[in-house]
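First residue of the sequence shown: 1, per UniProt numbering; consecutive thereafter. Here is the structure we will look at.
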Amino acid sequence: EYTIEGVQFHPESILTAEGRTILRNFLQLQGGTWEENAQLQKGSATNDGTAKTAASAPTASKKNNILQQIYAHRKASVTAQKLIPSQRPADLQAAYDLNAAPPLVPFVDRLRQTPFDVSLMAEIKRASPSKGVFDININAPTQARKYALAGASVISVLTEPEWFKGSIEDLRAVRQVLNGMPNRPAILRKEFIFEEYQILEARLAGADTVLLIVKMLETELLERLYKYSLSLGMEPLVEVQTAEEMTTALKLGSKAIGVNNRNLESFEVDMNTTSRLRSMVPENTIICALSGINSHKDVILCKNDGVNAVLVGEAIVRAPDTTKFIRELCSGTDAEAESVATHPLFVKICGTRTPEAALEAVKSGADLVGICLVPGAKRCISDETAAAISEAVHSFTPSSTRAPSNVPTKSATDYYTASVARLSSPRPLLAGIFQNQPLDEVLEKQKRFSLDIVQLHGNEPIEWANLIPVPVIRAFKPGNIGIGLRGYHTIPLLDSGAGSGKLIDVSSVKDILAKDAELQVFLAGGLNPDNVLDAVKAVGEFSNRIVGVDVSSGVEDDGKQSLEKIRSFVKNAKSFR
Numbered sequence: 001e002y003t004i005e006g007v008q009f010h011p012e013s014i015l016t017a018e019g020r021t022i023l024r025n026f027l028q029l030q031g032g033t034w035e036e037n038a039q040l041q042k043g044s045a046t047n048d049g050t051a052k053t054a055a056s057a058p059t060a061s062k063k064n065n066i067l068q069q070i071y072a073h074r075k076a077s078v079t080a081q082k083l084i085p086s087q088r089p090a091d092l093q094a095a096y097d098l099n100a101a102p103p104l105v106p107f108v109d110r111l112r113q114t115p116f117d118v119s120l121m122a123e124i125k126r127a128s129p130s131k132g133v134f135d136i137n138i139n140a141p142t143q144a145r146k147y148a149l150a151g152a153s154v155i156s157v158l159t160e161p162e163w164f165k166g167s168i169e170d171l172r173a174v175r176q177v178l179n180g181m182p183n184r185p186a187i188l189r190k191e192f193i194f195e196e197y198q199i200l201e202a203r204l205a206g207a208d209t210v211l212l213i214v215k216m217l218e219t220e221l222l223e224r225l226y227k228y229s230l231s232l233g234m235e236p237l238v239e240v241q242t243a244e245e246m247t248t249a250l251k252l253g254s255k256a257i258g259v260n261n262r263n264l265e266s267f268e269v270d271m272n273t274t275s276r277l278r279s280m281v282p283e284n285t286i287i288c289a290l291s292g293i294n295s296h297k298d299v300i301l302c303k304n305d306g307v308n309a310v311l312v313g314e315a316i317v318r319a320p321d322t323t324k325f326i327r328e329l330c331s332g333t334d335a336e337a338e339s340v341a342t343h344p345l346f347v348k349i350c351g352t353r354t355p356e357a358a359l360e361a362v363k364s365g366a367d368l369v370g371i372c373l374v375p376g377a378k379r380c381i382s383d384e385t386a387a388a389i390s391e392a393v394h395s396f397t398p399s400s401t402r403a404p405s406n407v408p409t410k411s412a413t414d415y416y417t418a419s420v421a422r423l424s425s426p427r428p429l430l431a432g433i434f435q436n437q438p439l440d441e442v443l444e445k446q447k448r449f450s451l452d453i454v455q456l457h458g459n460e461p462i463e464w465a466n467l468i469p470v471p472v473i474r475a476f477k478p479g480n481i482g483i484g485l486r487g488y489h490t491i492p493l494l495d496s497g498a499g500s501g502k503l504i505d506v507s508s509v510k511d512i513l514a515k516d517a518e519l520q521v522f523l524a525g526g527l528n529p530d531n532v533l534d535a536v537k538a539v540g541e542f543s544n545r546i547v548g549v550d551v552s553s554g555v556e557d558d559g560k561q562s563l564e565k566i567r568s569f570v571k572n573a574k575s576f577r
């Protein structure tokens, strides 16, 4: 009648093939009688210690298929995870209530934005039950960035650890690497979800949507999970494979339905599955083809069947050139996708102390004029002078209008590429330089002098950039941490030292740019009319990522700005591109 209260396990027991099951069964004991633990009775438990009942099995079938094996394993794993401090349901809910979940991208809306005829849902996948491990060394954030910049509308992250070799940490890292990326893809948690806990976990990790598989969920549970996901702001992707399951999804009100061409019980692929079910779906509902998509021919067949999106995993992962494969897969050509046009080199004349010098700079074609607002600095100007320079810069009408750069609207763009485009202006811009001053002072002076740009040269918190209402240029010396962070400063400025006149070490610039393929910077430190062109060219293959140059002491004579040197500096810098 009564269960045991304690048990001693010997190494020869727990290290056997069934050792984990023995431990799991013991940990799942509820109460002190066998009547309270019917799921552990002989003949009633699976190898994973879960009951073969209608409540715990994904279908009524007794067949021990792959889906049931995965379901049982995930059920046990999630049960154990919920007991870990910091990962308990109450802990996750507390974090969510504190607004710890990152901002969402509307899943359905993002699916409708694509540079291709059919939207791409690109999957990060290391293994599968049918193929085993095919690339255990995939780095999820690296792969995600490739997918995003190649035009994917959605990035699917497999988080099941046993059969697919994924984890929730993959999803978290993917979300972090996409931070600040304009029009980033939506992130799907591809998982065997059976309770609210997993959906909340996904939301906190940065998912924009989750997968709900009709085949493994009773109707009542499916409805509950669907509504819960909506309550967190996420429209789920509902997966079906049969007409009966499609009917269930439609009754649910799903706005995005994925038709799996792979039978999850046998893992066999039938590419006609989607076409058979497409006619059941209303026109305003997104229909996605899942599994078996390997070539442009497959994509065209899906498009002709009225499919809105395709999910592709293994084929992309196996491709030697991810970007080229995606272009060929989705458009039938390896032609470059829409990109941002290269902007001429930005020129910033800094340390400006008179309206006359400011006017000479903008007349010469300078894009930015910088004024020092750091008390005690040798180039700091009075409030009256700052106001006069602001008036001079903002009232200047250029003889030729600079065309603003356009950022692609149907696909993601690297953060710094978009930032450079945002700096493009039909008129010259005024930048105010600050160093270790209170945020309130920075905000007050930005408003008072109508600063178009704030430039920070001290140890200000990186997050200040999100509190300042205009673009932020942030100065870094080689070796400083945080230069490549996305979503904060608009563009970093690499400097040898504020106003030192010392030329920056070219090798350090190369090292920094080599570590981050999308990083773009302003170059400063020791530049003058005679060396500016050579300094940019010296960066070699990375010179196209020097988007601007900044000069202060290099256009001075005896501590005063030289109008002739300003003209010469702008002319020489602009000759680069």
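We put the CB at the ideal spot given by N, CA and C, even for glycine. As the structure is a prediction and not an experimental result, all values here were calculated from the model.
Using only CA atoms, which one of the options lies nearest to residue i?
i: residue 482; options: 459, 470, 148; result: 459
i: residue 125; options: 164, 33, 537, 100; result: 164
i: residue 479; options: 487, 380, 504; result: 504
i: residue 576; options: 543, 223, 558, 512; result: 543
i: residue 272; options: 293, 137, 415, 282; result: 293
i: residue 208; options: 110, 506, 65; result: 110
i: residue 302; options: 286, 495, 415, 29; result: 286
i: residue 446; options: 456, 432, 436; result: 432
i: residue 112; options: 139, 186, 182; result: 186
i: residue 306; options: 128, 127, 282; result: 282
i: residue 567; options: 365, 440, 221, 439; result: 365
i: residue 574; options: 322, 132, 361, 382; result: 361
i: residue 491; options: 526, 414, 70, 555; result: 414
i: residue 226; options: 244, 195, 205, 242; result: 195
i: residue 232; options: 263, 252, 197; result: 197
i: residue 330; options: 308, 291, 296; result: 296
i: residue 175; options: 152, 191, 145; result: 145
i: residue 510; options: 538, 79, 530, 488; result: 538
i: residue 578; options: 436, 274, 139; result: Since the displayed the chain opens at 1 and closes at 577, residue 578 lies outside it and no answer follows.
Who are the Cβ neighbours of residue i in its own chain at under 7 Å, not counting the five residues just before and after it?
i: residue 598; result: One cannot answer for residue 598 here, as it falls past the ends of the chain, which runs 1 to 577.
i: residue 358; result: 352, 369, 389, 392, 393
i: residue 267; result: 66, 129, 130
i: residue 442; result: 434, 454, 468
For residue i, which residues does DSSP report across the bridge?
i: residue 203; result: Partner(s): none; residue 203 has no beta bridge.
i: residue 2; result: 33
i: residue 305; result: DSSP lists no partner for residue 305.
i: residue 280; result: Paired residue(s): none; residue 280 is not in a bridge.
i: residue 348; result: 368, 550
i: residue 209; result: 188
i: residue 154; result: 121, 186
i: residue 581; result: Here the chain covers residues 1 to 577 and nothing more, so residue 581 does not appear.
i: residue 360; result: The partner list for residue 360 (beta bridge, DSSP) is empty, contrary to what the question assumes.
i: residue 143; result: For residue 143, which the question treats as bridged, DSSP gives no partner whatsoever.
i: residue 239; result: 213, 258
i: residue 128; result: 132
i: residue 560; result: 557
Provide the residue span of the beta strand (DSSP E) that contains residue i, from first to last.
i: residue 257; result: 256-260
i: residue 101; result: It is not in any beta strand (DSSP E) - residue 101 carries neither H nor E in the DSSP assignment.
i: residue 160; result: Unbroken run through residue 160: none, as it is neither H nor E.
i: residue 190; result: 186-190
i: residue 412; result: Run containing residue 412: none; DSSP gives neither H nor E here.
i: residue 429; result: 429-434
Return the first residue and the last residue of the alpha helix (DSSP H) that residue i is part of.
i: residue 330; result: 322-331
i: residue 77; result: 66-81
i: residue 569; result: 563-574
i: residue 286; result: Per DSSP, residue 286 belongs to no alpha helix (DSSP H); it is in the beta strand (DSSP E), 286-290.
Is the Cβ of residue i closer than 9 Å to any Cβ of chain D?
i: residue 248; result: Note that chain D does not occur in the displayed structure, where there is just one protein chain.
In its own chain, which residues sit with a C-beta less than 6 Å from the C-beta of residue i, not counting the 5 before and 5 after it?
i: residue 238; result: 212, 249, 254, 257
i: residue 344; result: 577
i: residue 570; result: 347, 364, 365, 366
i: residue 277; result: 246, 259
i: residue 252; result: 226
i: residue 524; result: 493, 495, 550
i: residue 152; result: 120, 122, 185
i: residue 557; result: none
Keeping to the same chain, check which residues put their C-beta closer than 8 Å to that of residue i; ignore five residues upstream and five downstream.
i: residue 188; result: 107, 121, 154, 155, 156, 157, 207, 208, 209, 210, 211, 237
i: residue 318; result: 134, 135
Under the criterion of a Cβ to heavy atom distance below 8 Å, does residue i qualify as lining the ligand ZN?
i: residue 311; result: By its list of ligands, the structure shown contains no ligand whatsoever, and the ligand ZN lies outside what it can speak to.
### Task
Go through the segment 441-504 residue by residue and report every complete run of the beta strand (DSSP E) that reaches 3 residues or more, in order.
453-456, 472-476, 491-494
Q) Where in the segment 507-537 do unbroken runs of the beta strand (DSSP E), each at least 3 residues long, occur, reported from the N-terminal end onward? A) 521-524
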